[in-house]
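Let me begin by presenting the structure, written as structure tokens, before commenting on it.
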Amino acid sequence: MPKQIGDNKKNTKGMGDRLNRIWEIHRSFKCPVIGACLDINEHRKVLKRAKCRIKKLKPHQLHRIIMENLNDQNGISQKVDSYLRYKYRDTIAELADLDEDEFFAIWKDVIHSGKMNGVFYIAAIRKDLPVEYLEDIFGEIHMLGHANLAEVMWARRDAQRQAEANQKITKLLKQEKMRSKTLKKENAATISALNETHVLLQRLKSGSDKAEPKAKNIDKNEFENANLKEKLRALENKNNQLLDQLHYLEREKRRLEIELFDIQSTNHLLADEVKQLIHQISSVVGPENNCDETCPQYQLCAKRILIVGGMTKMKHMYRQLVESSGGEFDYHDGYMNKGSQKMEALVKRSDLIICPVNCNSHGACEKVKKLCRKHSKSIKMLPSSSLSSISGALMESSIRLN
């Protein structure tokens, strides 16, 4: 943390006498302020007001455009400054003139509640805060990035588990729907047979009333009538069984639908939580185009990270983890059946190679170590391919390089 915040470049009446403009605050605070105080939709809104073409741009590209224009006064930096001052106008009116100790006491309260973006903005633009207060504020924000990274890993793991459970429930529900459909068809056929039996029985009874009372015919009709009644009772019993089974399946279907709804609701909550945590990490320790030695991820910025092996189905999560830390991502699945030329090409152009040994072949582990010695590349052998292990390796490599 520098010992002096940027000098005033321009004094205006009223508020400008007490507060820096966004391009005047110290560079260490610019990236965290933009990330914490402007969400992605607000990034887009500000850039549209500045007449920038932002169609199809990714969140990190929007963030980079803003950061590239915060070193001096220009169209984009003026729009950002105006938007933030309007957004936090009430907070500015409340906190801008507070005594330094009173303001710092408020900061210590809000940092624990998580509702500190407005107070953090005021801290960044005030001209009169002591260096020790600014160092404490910057340190708290910096460490939040590390803490939130671990929370993202846990949230993604839970989201993966919920997604797998969701797939199982969906498959089971589909099977139960097919079974219910089949039972309904069988029940309809049984009811139709019952109706035909009732009609036939009525005809027999009607014919019996009109027939002459001949003993032989009466015995025959009674025998047929007894057989038909027996068949009718059997069909009614079967129909009752099918109806009971149908009612059970309908209740089970309803239960599964409720369970599926709960899982889907949980998935949405987890997805929102993961999105929020990723945004918090990218806003606090994410890369920017003007990254220098004051940035917490300076040693990973523009570094190409190669992961060899691990769980192929988690490749997209490895990519998000590396890119959110500021690196460029490469991947090799560890299979050597097509030779080692591809692996060697990836090793040669990478700055750091990470090789989990629990989800990898022995041949791949030995080969990648030889290639790293051959081309003088840094390699990190990990006992696990979990996201937390990969995250730890990235953080440790960043610290060692520092």
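Numbered by this note's numbering, the letters in the sequence shown go through residues 462 to 863 in order.
The beta-carbon is built from N, C-alpha and C at its ideal position, and this holds for glycine as well.
Hey, is the stretch 704-711 in contact with the stretch 638-645, meaning 3+ C-beta pairs nearer than 8 Å? yes
Go ahead and label residue 817 buried or exposed: buried means 16 or more other beta carbons lie within 10 angstroms of its beta carbon, across all protein chains shown. On the sequence shown, position 356 is the one that residue 817 refers to. It counts as buried.
Looking at the structure shown, is residue 652 part of a helix, part of a strand, or coil, going by DSSP? The residue given as residue 652 occupies position 191 in the sequence shown. DSSP places residue 652 in helix when its eight states are reduced to three.
CA nearest to the CA of residue 493, picked from 849, 826, 799 and 605: Here the question's residue 493 lines up with position 32 in the sequence shown. When each option's Cα is compared against that of residue 493, the closest is 605.
When the Cα of residue 593 is compared with those of 622, 572, 561 and 577, which residue comes out closest? The residue labelled residue 593 in the question sits at position 132 within the sequence shown. Answer by Cα proximity: 561.
Can you tell which of 845, 653, 804 and 725 has its C-alpha closest to the C-alpha of residue 827? Locating residue 827 in the sequence shown gives position 366, counting from the first residue. With distances taken between Cα atoms, residue 827 lies closest to 804.
State the Cα-Cα distance for the pair residue 689 and residue 641, rounded to the nearest angstrom. Reading the sequence shown from its first residue, position 228 is the one you call residue 689. Reading the sequence shown from its first residue, position 180 is the one you call residue 641. Roughly 30 Å between the two C-alpha positions.
Could you pull out every residue in the same chain whose Cβ sits closer than 7 Å to the Cβ of residue 491, ignoring the five residues on either side in sequence? The sequence position of residue 491 within the sequence shown is 30, counting from 1. Only 528 and 531 meet the Cβ criterion.
Check residue 735 in the structure and name its three-state DSSP category. On the sequence shown, residue 735 is found 274 positions in, with the first residue counted as 1. With a pLDDT of only 47 at residue 735, under the threshold of 50, the placement of this residue in the model should not be trusted; the figure read from the coordinates follows. Helix.
Output the distance between the C-alpha atoms of residue 748 and residue 602, rounded to the nearest integer angstrom. Against the sequence shown, residue 748 aligns to sequence position 287. Against the sequence shown, residue 602 aligns to sequence position 141. Any reading at residue 748 must be qualified, since the residue scores a pLDDT of 48, below 50, and its modelled position is unreliable; no value is offered.
Going by C-alpha to C-alpha distance, which of 589, 549 and 548 sits closest to residue 565? Start at 1 with the first residue of the sequence shown, and residue 565 comes out as number 104. Minimum Cα distance to residue 565 is reached at 589.
Closer than 6 Å by C-beta to residue 537: which residues in its own chain qualify, once you throw out the five before and the five after it? Chain order, please. Within the sequence shown, residue 537 is the residue found at index 76, counting from 1. For residue 537, where only same-chain residues beyond five positions count, the Cβ hits under 6 Å are 511 and 530.
Nonlocal neighbours in the same chain, by C-beta distance under 8 Å from residue 591, ignoring five residues either side: Here the question's residue 591 lines up with position 130 in the sequence shown. Counting only Cβ-Cβ distances below 8 Å, and skipping sequence neighbours, we find 561.
DSSP three-state assignment for residue 740, whether helix, strand or coil: Position 279 of the sequence shown, counted from the start, is the residue given in the question as residue 740. Residue placement at residue 740 is flagged as unreliable, the pLDDT there being 49, under the threshold of 50; the coordinate-derived value follows with that caveat. Note: residue 740 maps to helix in three-state DSSP.
State the CB to CB distance for the pair residue 770 and residue 825, rounded to an integer number of angstroms; the pair is presumed to be in contact (CB under 8 Å). As a working mapping, residue 770 is identified with position 309 in the sequence shown. As a working mapping, residue 825 is identified with position 364 in the sequence shown. About 6 Å; that satisfies the 8 Å criterion.
By DSSP, does residue 493 sit in helix, in strand, or in coil? Here residue 493 corresponds to residue number 32 of the sequence shown, with the count starting at 1. In the structure shown, residue 493 sits in a helix (DSSP, three-state: H, G or I).
Give me the Cα-Cα distance between residue 630 and residue 721, rounded to the nearest whole angstrom. Taking the sequence shown and counting its residues from 1, the one referred to as residue 630 is at position 169. Taking the sequence shown and counting its residues from 1, the one referred to as residue 721 is at position 260. The straight-line gap from Cα to Cα measures roughly 7 Å.
Closer than 7 Å: is that where the CB of residue 508 sits relative to any heavy atom of the ligand GTP? As presented, the structure is devoid of all ligands, the ligand GTP included, so that no description of it is given.
Where residue 588 falls: helix, strand or coil (DSSP): The count along the sequence shown starts at 1 and reaches residue 588 at position 127. In the structure shown, residue 588 sits in coil (DSSP, three-state: anything other than H, G, I, E or B).
Residue 667 by DSSP, collapsed to three states: which one? By one-based count along the sequence shown, residue 667 stands at place 206. In the structure shown, residue 667 sits in a helix (DSSP, three-state: H, G or I).
Taking all protein chains shown into account, do 16 or more other C-beta atoms lie within 10 angstroms of the C-beta of residue 485, making it buried, or fewer, making it exposed? For the purposes of this step, residue 485 is taken as the residue at position 24 of the sequence shown. Residue 485 comes out buried.
Quick one: Cα of residue 497 to Cα of residue 765, how far? Here residue 497 is taken as the residue at index 36 of the sequence shown, counted from 1. Here residue 765 is taken as the residue at index 304 of the sequence shown, counted from 1. Answer to the nearest angstrom: the Cα atoms are 27 Å apart.
Whole angstroms is fine: what's the gap from residue 703's alpha carbon to residue 660's? Within the sequence shown, numbered from 1, the residue matching residue 703 stands at position 242. Within the sequence shown, numbered from 1, the residue matching residue 660 stands at position 199. Those two C-alpha atoms are separated by around 22 Å.
Evaluate contact between the stretch 617-629 and the stretch 650-664, counting only Cβ atoms and requiring at least three cross-stretch pairs below 8 Å. no
Mind checking residue 684: buried by the 16 CB within 10 Å criterion, or exposed? Along the sequence shown, read from residue 1 onward, the residue named residue 684 stands at position 223. So residue 684 counts as exposed.
Could you check whether the Cβ of residue 656 sits closer than 8 Å to any Cβ belonging to chain B? Any reference to chain B falls outside this structure, which holds one protein chain only.
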